[in-house]
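Every position in the sequence shown, counted from 1, becomes a number in our numbering once 439 is added. We put the CB at the ideal spot given by N, CA and C, even for glycine.
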Amino acid sequence: FNVNLRNQDGFYFESDFRQGNIDGYTSVDAQVSYKFPQIRSVLKLGGTNIFNTYYKTAFGNPEIGGIYYLSFGYNVF
């Protein structure tokens with residue numbers, strides 16, 4: 440398993456488009472993996488921003504929410 444905590448402080452954003460303060464945010468990413476050695480495969484379940492806290496990184500950018508995934512890799516080791 441893996442857990443990652445990212446924290447970004449608020450900052451002043453300046454561009455030709457717009458100027459102003461961007462709020463800070465905290466995001467948690469997590470992943471759990473399970474290996475199947477008999478069939479040389481791995482199953483992964485995880486997500487980015489798993490608490491689905493929307494944030495933006497600049498004016499004009501979309502707000503970013505959670506992304507979740509499930510993957511199965513066959514013959515990977």
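Does the beta-carbon of residue i have 16 or more other beta-carbons within 10 angstroms, so that it is buried, or is it exposed?
i, result
"Asn460", "exposed"
"Asn500", "exposed"
"Asn443", "exposed"
"Asn514", "exposed"
"Asn488", "buried"
Would you mind reading off the limits of the beta strand (DSSP E) that contains residue i?
i, result
"Asp462", "That residue, Asp462, is in no beta strand (DSSP E); it is neither H nor E in DSSP."
"Ser454", "Taken as a continuous stretch (DSSP letters only), Ser454 belongs to no beta strand (DSSP E), as it is neither H nor E."
"Gln447", "Asn441 to Gln447"
"Lys483", "Ser480 to Thr487"
Go ahead and pull the three-state DSSP assignment for residue i.
i, result
"Ile506", "strand"
Hey, would you say the C-beta of residue i is under 6 Å away from at least one heavy atom of the ligand COA?
i, result
"Pro476", "Because no ligand of any kind appears in the structure shown, any question about the ligand COA cannot be addressed here."
Counting pairs of Cβ atoms below 8 Å between the stretch 501-514 and the stretch 473-483, do you hit three or more?
Flag = yes, the stretch 501-514 and the stretch 473-483 touch.
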